[in-house]
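Only one structure is covered here, and it is reproduced in the block below.
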Amino acid sequence: MTAIQPGILEAPAPAGRYLTFSLKHPGDAELKDALQQLAAMSDGRRLVIGIGQSLALRLGAQIPGLRIMPAYVGAGFETPSTPAALLCWLRGEERGVLLQRSRRIEALLKPAFRLVQVLDGFKHGSGRDLTGYEDGTENPDADTAPGVVGVSGQGEGMEGSSFVALQQWEHDFETFETYPHQTQDNMIGRRKSDNEELEDAPASAHVKRTAQESFDPEAFMLRRSLPWAEGNRGGLMFVCFCNTFYAFEAQMKRMTGGEDGVADALFSFSRVLSGAYFWCPGMKEGQLNLSLLKL
Ligand code: HEM
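Numbering-wise (this note's numbering), the sequence shown opens with residue 2 and increments by one.
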């Protein structure tokens with residue numbers, strides 16, 4: 002019985018921690034041992050695992066559809082591509098628990114992997130971005146999400162697997178706060194006060210740029226983003242799951258002005274710090290299905 006890692010489909014947990022790793026120069030045995038220990042710890046719910054392309058290549062594995070995130074550029078901004086070998090997304094109720102779990106993960110991976118970044122995410126209010134706007138409204142519902150997220154019909158090793166794109170955005174709160182409320186609503190394309198969609202929002206409004214059914218083919222994705230904060234800096238850790246990277250790339254192209262020259266209004270107060278793609282293996286009989294990685 003194959004399944005999608007359940008933490009992907011579950012409602013967002015109040016706390017999240019994103020660990021990204023690069024590879025050291027491990028021998029085959031050290032690398033396999035570290036990954037087997039990680040797999041033994043992974044329930045797919047409290048710990049969701051993503052494999053980057055460099056790790057797949059190092060293991061001699063072919064994951065159809067896995068690649069590195071493209072970099073994009075638009076008028077006055079760029080969105081970098083910062084690939085990594087491995088992603089551990091920890092989910093839970095409480096930040097202290099996630100800290101202790103992530104220390105254990107770092108220790109067990111240490112012979113083969115270097116910890117590149119740790120970022121804590123948290124639920125803000127009812128699930129709002131730090132600008133105050135409700136995030137996740139147009140996500141696919143529980144019935145359709147598995148079809149959007151899960152790969153099927155591509156062989157046993159791919160069954161129930163998924164692809165994830167992560168992008169850390171940093172908001173310039175001071176600039177955002179200089180805009181009147183109505184301008185802010187027009188930048189998002191929804192009203193902050195009641196989350197109503199604005200039919201007459203400008204073409205640059207974020208939800209006009211990303212309207213999933215307006216792409217051909219349609220570009221649906223399951224977003225699992227969380228706000229982050231460090232000192233007085235903060236923004237959104239944008240996270241989306243799909244069964245191919247098509248939806249993310251179609252939306253990024255339009256958001257950055259690559260379709261019609263109109264850039265997403267998000268870029269007038271927020272910037273992208275990092276961007277990486279990973280393949281999230283499916284689950285088989287309660288364990289991560291790593292058969293394609295030859296472990
Ligand atoms: C600073 C970063 C971002 C913020 C603050 C943000 C915020 C929001 C908000 C408030 C909504 C409206 C409510 C909802 O349906 O969730 C929304 C919708 C959406 N966003 Fe974002 N977003 C960000 C980045 C992105 C990126 C990078 C993508 C894709 C590449 C994206 C894709 C979408 C999609 C697909 C929708 C739903 C559109 C629809 O079908 O109506 N967002 N976002």
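Think of the CB as a built atom: it goes at the ideal place given N, C-alpha and C, for glycine as much as any other residue.
Alpha carbon of residue i to alpha carbon of residue j, nearest angstrom
{"i": "L36", "j": "N244", "result": "23 angstroms"}
{"i": "P65", "j": "L88", "result": "18 angstroms"}
{"i": "E260", "j": "P84", "result": "25 angstroms"}
{"i": "P218", "j": "P228", "result": "30 angstroms"}
{"i": "E135", "j": "A41", "result": "36 angstroms"}
{"i": "A264", "j": "E79", "result": "11 angstroms"}
{"i": "P7", "j": "R129", "result": "23 angstroms"}
{"i": "L67", "j": "E139", "result": "26 angstroms"}
{"i": "N290", "j": "G75", "result": "39 angstroms"}
{"i": "E250", "j": "I69", "result": "11 angstroms"}
{"i": "S275", "j": "A202", "result": "29 angstroms"}
{"i": "F268", "j": "H172", "result": "9 angstroms"}
{"i": "E11", "j": "S163", "result": "14 angstroms"}
{"i": "S127", "j": "A30", "result": "46 angstroms"}
{"i": "G232", "j": "D121", "result": "12 angstroms"}
Any non-hydrogen atom of the ligand HEM within 6 angstroms of residue i CB
{"i": "W170", "result": "yes"}
{"i": "Q213", "result": "yes"}
{"i": "Y134", "result": "yes"}
{"i": "C69", "result": "One detail in the question is off: residue 69 reads as Ile in this sequence, not Cys. No; taking the cut-off as 6 angstroms, the Cβ of I69 has no heavy atom of the ligand HEM nearer than that."}
{"i": "L237", "result": "yes"}
{"i": "F249", "result": "yes"}
{"i": "T83", "result": "no"}
{"i": "G156", "result": "no"}
{"i": "G137", "result": "yes"}
{"i": "R192", "result": "no"}
{"i": "Q340", "result": "No answer is possible for residue 340: it lies beyond the span of the chain, which begins at 2 and ends at 296."}
{"i": "M253", "result": "yes"}
{"i": "V117", "result": "no"}
{"i": "G74", "result": "The sequence as given places Val at residue 74; Gly does not occur at that position. V74: no, Cβ never under 6 angstroms from the ligand HEM."}
{"i": "S205", "result": "no"}
{"i": "S271", "result": "yes"}
{"i": "V208", "result": "yes"}
{"i": "D130", "result": "yes"}
Bridge partners - residue i, DSSP secondary structure assignment
{"i": "T80", "result": "Y73"}
{"i": "M253", "result": "DSSP, once it has assigned bridges, lists no residue as partnering M253."}
{"i": "M284", "result": "A4 and L289"}
{"i": "I50", "result": "C89"}
{"i": "D121", "result": "R18"}
{"i": "E198", "result": "R191"}
{"i": "V273", "result": "W170"}
{"i": "G236", "result": "E171 and W229"}
{"i": "V165", "result": "F242 and F279"}
{"i": "R224", "result": "C241"}
Buried versus exposed call for residue i [16 or more other C-beta atoms within 10 Å across all chains shown]
{"i": "P13", "result": "buried"}
{"i": "P181", "result": "exposed"}
{"i": "R115", "result": "exposed"}
{"i": "H26", "result": "exposed"}
{"i": "E157", "result": "exposed"}
{"i": "K295", "result": "exposed"}
{"i": "R18", "result": "buried"}
{"i": "A72", "result": "exposed"}
{"i": "R234", "result": "exposed"}
{"i": "L39", "result": "buried"}
{"i": "L344", "result": "Past the edges of the chain, shown from 2 to 296, lies residue 344, and the structure says nothing about it."}
{"i": "T132", "result": "buried"}
{"i": "S215", "result": "exposed"}
{"i": "R1", "result": "Nothing can be reported for residue 1, as the shown portion of the chain is limited to 2 through 296."}
{"i": "A86", "result": "buried"}
{"i": "G236", "result": "buried"}
{"i": "Q185", "result": "buried"}
{"i": "T179", "result": "exposed"}
CB contact below 7 angstroms: residue i versus chain C
{"i": "Y19", "result": "This model lacks chain C altogether; it includes just one protein chain."}
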